[in-house]
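Protein chains: 2
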Amino acid sequence: MAIPVETFFLAPDAQGTLQAQIQQMIAQGILSGRFRKGEKLPSSRKLAGHLGVSRITVTLALTELQANDYLEARDRSGYFVSQNAPEPPAFGAQGPARDTIDWSRALGRRFTGGDTPEKPLNWASYPYPFIYGQTDPSLFDHANWRHCALQALGQKDFQSLTSDYYDQDDPKLIEFIARHTLPRRGILAQSDEILVTMGAQNALWLTAQVLLTQRRTAVIENPCYHALRDILVQSRCHLTPIDVDRDGLPPEALPDHADVIFTTPSHQAPTNATMPLARRKALLAKAAAMDALIVEDDYEFEISFLRAPLPALKSLDSEGRVIYVGSFSKSIFPGLRLGYLVGSKSFIRECRALRASVLRHPPGHIQRTAAYFLSLGHYDSLVRRMGQVFTKRRHTMETALADQGLGVAGRGVFGGSSIWMRAPEDVDITEVEPRLRDVGVLIEPGHPFFYGTNRPRNYYRLAYSSVPAERIAPGIELLARELEKARGTGANRGKSDEKTEK
Amino acid sequence: MAIPVETFFLAPDAQGTLQAQIQQMIAQGILSGRFRKGEKLPSSRKLAGHLGVSRITVTLALTELQANDYLEARDRSGYFVSQNAPEPPAFGAQGPARDTIDWSRALGRRFTGGDTPEKPLNWASYPYPFIYGQTDPSLFDHANWRHCALQALGQKDFQSLTSDYYDQDDPKLIEFIARHTLPRRGILAQSDEILVTMGAQNALWLTAQVLLTQRRTAVIENPCYHALRDILVQSRCHLTPIDVDRDGLPPEALPDHADVIFTTPSHQAPTNATMPLARRKALLAKAAAMDALIVEDDYEFEISFLRAPLPALKSLDSEGRVIYVGSFSKSIFPGLRLGYLVGSKSFIRECRALRASVLRHPPGHIQRTAAYFLSLGHYDSLVRRMGQVFTKRRHTMETALADQGLGVAGRGVFGGSSIWMRAPEDVDITEVEPRLRDVGVLIEPGHPFFYGTNRPRNYYRLAYSSVPAERIAPGIELLARELEKARGTGANRGKSDEKTEK
Numbered sequence: 122m123a124i125p126v127e128t129f130f131l132a133p134d135a136q137g138t139l140q141a142q143i144q145q146m147i148a149q150g151i152l153s154g155r156f157r158k159g160e161k162l163p164s165s166r167k168l169a170g171h172l173g174v175s176r177i178t179v180t181l182a183l184t185e186l187q188a189n190d191y192l193e194a195r196d197r198s199g200y201f202v203s204q205n206a207p208e209p210p211a212f213g214a215q216g217p218a219r220d221t222i223d224w225s226r227a228l229g230r231r232f233t234g235g236d237t238p239e240k241p242l243n244w245a246s247y248p249y250p251f252i253y254g255q256t257d258p259s260l261f262d263h264a265n266w267r268h269c270a271l272q273a274l275g276q277k278d279f280q281s282l283t284s285d286y287y288d289q290d291d292p293k294l295i296e297f298i299a300r301h302t303l304p305r306r307g308i309l310a311q312s313d314e315i316l317v318t319m320g321a322q323n324a325l326w327l328t329a330q331v332l333l334t335q336r337r338t339a340v341i342e343n344p345c346y347h348a349l350r351d352i353l354v355q356s357r358c359h360l361t362p363i364d365v366d367r368d369g370l371p372p373e374a375l376p377d378h379a380d381v382i383f384t385t386p387s388h389q390a391p392t393n394a395t396m397p398l399a400r401r402k403a404l405l406a407k408a409a410a411m412d413a414l415i416v417e418d419d420y421e422f423e424i425s426f427l428r429a430p431l432p433a434l435k436s437l438d439s440e441g442r443v444i445y446v447g448s449f450s451k452s453i454f455p456g457l458r459l460g461y462l463v464g465s466k467s468f469i470r471e472c473r474a475l476r477a478s479v480l481r482h483p484p485g486h487i488q489r490t491a492a493y494f495l496s497l498g499h500y501d502s503l504v505r506r507m508g509q510v511f512t513k514r515r516h517t518m519e520t521a522l523a524d525q526g527l528g529v530a531g532r533g534v535f536g537g538s539s540i541w542m543r544a545p546e547d548v549d550i551t552e553v554e555p556r557l558r559d560v561g562v563l564i565e566p567g568h569p570f571f572y573g574t575n576r577p578r579n580y581y582r583l584a585y586s587s588v589p590a591e592r593i594a595p596g597i598e599l600l601a602r603e604l605e606k607a608r609g610t611g612a613n614r615g616k617s618d619e620k621t622e623k
Numbered sequence: 122m123a124i125p126v127e128t129f130f131l132a133p134d135a136q137g138t139l140q141a142q143i144q145q146m147i148a149q150g151i152l153s154g155r156f157r158k159g160e161k162l163p164s165s166r167k168l169a170g171h172l173g174v175s176r177i178t179v180t181l182a183l184t185e186l187q188a189n190d191y192l193e194a195r196d197r198s199g200y201f202v203s204q205n206a207p208e209p210p211a212f213g214a215q216g217p218a219r220d221t222i223d224w225s226r227a228l229g230r231r232f233t234g235g236d237t238p239e240k241p242l243n244w245a246s247y248p249y250p251f252i253y254g255q256t257d258p259s260l261f262d263h264a265n266w267r268h269c270a271l272q273a274l275g276q277k278d279f280q281s282l283t284s285d286y287y288d289q290d291d292p293k294l295i296e297f298i299a300r301h302t303l304p305r306r307g308i309l310a311q312s313d314e315i316l317v318t319m320g321a322q323n324a325l326w327l328t329a330q331v332l333l334t335q336r337r338t339a340v341i342e343n344p345c346y347h348a349l350r351d352i353l354v355q356s357r358c359h360l361t362p363i364d365v366d367r368d369g370l371p372p373e374a375l376p377d378h379a380d381v382i383f384t385t386p387s388h389q390a391p392t393n394a395t396m397p398l399a400r401r402k403a404l405l406a407k408a409a410a411m412d413a414l415i416v417e418d419d420y421e422f423e424i425s426f427l428r429a430p431l432p433a434l435k436s437l438d439s440e441g442r443v444i445y446v447g448s449f450s451k452s453i454f455p456g457l458r459l460g461y462l463v464g465s466k467s468f469i470r471e472c473r474a475l476r477a478s479v480l481r482h483p484p485g486h487i488q489r490t491a492a493y494f495l496s497l498g499h500y501d502s503l504v505r506r507m508g509q510v511f512t513k514r515r516h517t518m519e520t521a522l523a524d525q526g527l528g529v530a531g532r533g534v535f536g537g538s539s540i541w542m543r544a545p546e547d548v549d550i551t552e553v554e555p556r557l558r559d560v561g562v563l564i565e566p567g568h569p570f571f572y573g574t575n576r577p578r579n580y581y582r583l584a585y586s587s588v589p590a591e592r593i594a595p596g597i598e599l600l601a602r603e604l605e606k607a608r609g610t611g612a613n614r615g616k617s618d619e620k621t622e623k
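First to last, the sequence lines map onto chains C and L.
Okay, so the first sequence: first residue is 122 according to our numbering, each after it adds one.
Okay, so the second sequence: first residue is 122 according to our numbering, each after it adds one.
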């Protein structure tokens with residue numbers, strides 16, 4: 122690759138002769154790793170013109186660099202970074218040391234330190250990746266997605282691709298959501314009651330910003346999705362965690378006052394509990410009595426391969442009390458970043474204004490591609506195919522878990538993509554997890570899902586969405602073996618999580 | 122299109138016979154506009170199975186609906202919504218009245234009411250669209266963008282398309298920015314000093330959240346980009362607006378104390394002023410003296426077709442004091458939503474954590490497509506082609522403005538895509554603008570760019586990025602005619618903007 126001439130500037134207050142400055146500039150580019158071996162430099166004529174110096178000055182500098190083996194000349198084609206040029210330091214290209222700012226003072230707010238665990242980026246190269254929320258290449262309908270993307274790139278869709286929608290959404294996608302996606306959940310909504318978001322994460326974040334302040338109280342499920350808890354902690358509202366049971370959030374355990382209740386009735390995350398109809402009604406009644414809003418994250422409703430899903434909690438709402446969060450990212454692919462919010466106009470209007478301020482709008486191209494993928498029926502086929510494959514994996518998984526005598530804490534009667542597991546109390550999963558990695562098994566420790574200072578360390582999540590059926594039994598066997606070893610050491614005896622909740 | 126069976130639910134507490142409930146359910150779907158004429162209903166067998174009722178009950182309901190002309194039966198292919206079915210109300214599908222929430226109380230914070238003006242969505246159908254920041258289909262390199270997008274959709278890039286990057290960016294895009302884009306601006310940065318954002322808007326928003334609180338002070342240029350001012354107003358920091366002159370922000374006018382200075386040295390938005398080198402150094406020195414950070418929005422640096430651009434202010438920074446905001450959305454297309462932030466590691470780390478919380482990451486597919494478009498050289502060709510076309514349009518524009526004797530307030534010596542205009546003081550542009558729309562001319566009133574309660578109403582912005590050269594002179598003639606009429610009425614005499622600044 123040729124190094125563009127625009128890369129070169131003479132520092133206005135540099136010391137030394139012009140020739141020396143040019144030599145230095147090029148040598149530093151090589152030493153810092155910006156210019157790499159074999160890359161072509163601009164011609165001396167071009168460089169001289171660009172820098173406003175004489176060509177002879179440039180030529181002298183280049184000749185000198187050649188003599189020092191930074192550059193090599195090739196007949197008629199000019200100068201290239203020499204194969205024998207000095208190596209940039211192995212620890213990566215370094216600029217001059219130049220950070221003299223006291224960042225501990227300069228940063229007004231901090232957002233690091235949340236609970237969301239990191240997944241190994243190379244998870245797909247592990248033989249037994251029981252990790253959650255990644256795409257299985259063997260399931261994704263790559264060909265049809267590509268076809269829809271191509272269609273959305275066509276001349277006819279030029280405007281939806283390139284337009285500055287500012288605070289609008291793609292009308293085709295909104296229409297599909299309103300007429301097809303939501304009715305399947307029993308929800309009827311107008312287009313100004315729907316907002317397209319960058320995934321469910323973005324929908325939950327927008328909702329928290331609009332509804333919560335330091336003076337408001339939010340109820341969350343315990344355990345719950347850690348990224349939601351991070352969002353609420355950042356909003357600085359009062360947080361009231363309520364322990365879930367096998368039917369999800371128990372309305373009778375709610376406090377007397379709350380402003381917003383966050384819940385996952387379809388599949389509680391991470392326990393997979395589904396809230397029965399009677400409890401849904403009781404929850405609505407309780408929320409109405411205290412005049413609280415409910416935010417329903419309709420998490421994994423579409424992955425209901427064991428039984429048809431119940432209609433959404435939102436479908437029972439006759440007051441505008443329920444805000445509904447949906448996502449396409451989970452079942453299409455997480456890198457898509459596409460979800461939606463449904464709620465009263467006044468609420469959606471504020472979310473839309475905030476979204477415009479934060480990022481304007483989700484890119485038009487991905488909205489239109491998703492609209493085609495949905496309306497051509499590829500999404501439904503994908504979900505059906507996933508259901509078939511997950512049914513088998515789920516069955517294999519349950520058999521393997523029973524064979525190994527591992528404790529299941531929550532499996533979900535409708536489906537889902539993971540099982541919530543409990544190891545014996547003397548096992549600390551955070552100590553077992555790295556040892557499992559060493560033998561090729563990825564699992565997700567459960568303690569980040571819990572609230573408080575004394576979080577149990579013997580829970581974990583096992584997903585079957587990214588692991589082929591034939592790998593399940595051997596993977597579970599390895600898991601059982603490591604868990605058994607951990608019991609022997611009694612590593613967790615009397616130990617509790619000392620990390621302080623923010 | 123067939124209506125999916127999952128759309129149908131029997132309300133658990135509904136009144137009446139099952140047959141009546143089914144009839145009602147279907148009739149309501151048609152009356153609310155959800156089911157449209159000619160759409161096919163599920164078979165009676167399927168519907169009965171799904172609802173858990175007997176097939177005869179469903180058949181009786183369908184027959185009744187046919188008798189009432191809601192449905193029509195077609196031999197062997199089942200029931201369809203009748204062409205003679207009752208029309209849904211013309212004002213759009215309405216759900217039951219059901220918002221009983223007191224939203225004035227329920228909303229914790231409000232984000233509506235900002236200053237960003239709305240553009241007509243159908244701007245492209247106006248003959249003289251002198252509006253800013255939209256893509257000219259005749260300039261955009263649609264074929265190559267499509268080609269790059271297709272490549273990024275390939276099997277080889279499956280991971281970059283689908284992965285949950287969580288808080289990571291596409292390594293290919295980061296590498297291109299670090300090795301090619303930033304060096305052209307005189308900036309050297311490591312990959313952990315760069316964050317990909319959803320456009321410059323998102324970069325400015327993240328920066329404001331991380332750096333500002335109610336106890337901090339930000340300096341902004343006056344006039345300035347209204348969406349930036351909206352972001353800062355939402356952050357509730359103290360705002361100190363400083364009037365710009367023909368060289369941009371004057372360092373000598375800065376207050377004795379500020380925490381963050383927002384500036385646009387390459388092209389001041391909206392006046393197009395470019396800050397000379399001496400002033401850049403004085404600004405850096407002043408910021409260092411008060412220990413303030415500088416946020417440099419390197420706005421439109423790439424649209425420098427009249428002269429080569431100066432290196433970025435960030436290139437003069439030896440302390441880590443300057444945070445740099447770049448964008449690809451402006452020159453590729455605004456719907457792309459792709460920009461980047463460059464700053465010290467500690468700062469970028471916080472922005473990355475906040476971005477993860479707000480939206481996780483910009484979609485992998487658009488990052489990879491942009492990486493290809495950039496690295497294959499299409500971006501540079503596009504910018505060069507835009508420069509050639511803009512040179513001509515700019516020249517035509519200046520001639521037309523001079524011919525009509527219209528007052529130019531700021532034109533920018535390096536290029537840009539717009540001219541900042543001043544009408545006589547007795548003209549209120551907000552009154553002229555709708556009259557101009559009526560004759561096919563779109564302009565952008567200038568008052569949203571100004572700070573304070575007494576905003577001048579005689580400024581406006583004329584962009585030449587979306588109007589063909591041959592339309593410029595006739596459009597400017599229409600503009601001059603309307604401005605002249607407005608003078609005659611003296612509509613603005615003694616009038617000032619009474620909108621109160623938040």
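Cβ atoms here follow ideal geometry from the backbone N, Cα and C, with glycine treated the same way.
Cutoff 7 Å: residue i Cβ touching any chain L Cβ
i: phenylalanine 454 of chain C; result: yes
i: phenylalanine 232 of chain C; result: yes
Alpha carbon of residue i to alpha carbon of residue j, nearest angstrom
i: valine 446 of chain L; j: proline 258 of chain L; result: 26 Å
i: arginine 230 of chain L; j: serine 356 of chain L; result: 11 Å
i: proline 344 of chain C; j: phenylalanine 570 of chain C; result: 5 Å
i: tyrosine 461 of chain L; j: leucine 431 of chain C; result: 43 Å
Residue i - containing alpha helix (DSSP H), residue span
i: arginine 98 of chain L; result: There is simply no residue 98 of chain L to check, as chain L begins at 122 and stops at 623 in what is shown.
i: valine 485 of chain C; result: This sequence places glycine at residue 485 of chain C; valine is not what is there. Note, glycine 485 of chain C: alpha helix (DSSP H), 485-496.
i: leucine 398 of chain L; result: 398-410
Min CB distance residue i to chain C below 7 Å
i: glutamate 440 of chain L; result: yes
i: asparagine 323 of chain L; result: yes
i: tryptophan 326 of chain L; result: yes
Closer than 6 Å: residue i CB and nearest the ligand ZN heavy atom
i: isoleucine 453 of chain C; result: This structure lacks the ligand ZN; in fact it carries no ligand of any kind.
Residue i (DSSP reduced to helix, strand or coil)
i: methionine 146 of chain C; result: helix
i: histidine 388 of chain C; result: coil
i: arginine 473 of chain C; result: helix
i: glutamate 417 of chain C; result: strand
i: phenylalanine 201 of chain L; result: strand
i: aspartate 366 of chain L; result: strand
i: valine 179 of chain L; result: helix
i: alanine 132 of chain C; result: coil
i: proline 207 of chain L; result: coil
i: glycine 229 of chain L; result: coil
i: glycine 464 of chain L; result: coil
Start-to-end residues for the beta strand (DSSP E) that takes in residue i
i: asparagine 343 of chain C; result: 338-343
i: arginine 532 of chain L; result: Taken as a continuous stretch (DSSP letters only), arginine 532 of chain L belongs to no beta strand (DSSP E), as it is neither H nor E.
i: alanine 194 of chain L; result: 192-195
Which ranges does the alpha helix (DSSP H) cover as unbroken runs of at least 4 residues, wholly within the stretch 542-608 of chain L, from first to last along the chain? With a minimum length of 4 residues, the continuous alpha helix (DSSP H) runs that stay inside the stretch 542-608 of chain L are 550-559.
Segments assigned alpha helix (DSSP H), at least 4 residues, entirely inside the stretch 277-365 of chain C: Counting only runs of 4 or more residues that sit fully inside the stretch 277-365 of chain C, the alpha helix (DSSP H) segments are 279-283, 292-297, 320-332, 347-356, in chain order.
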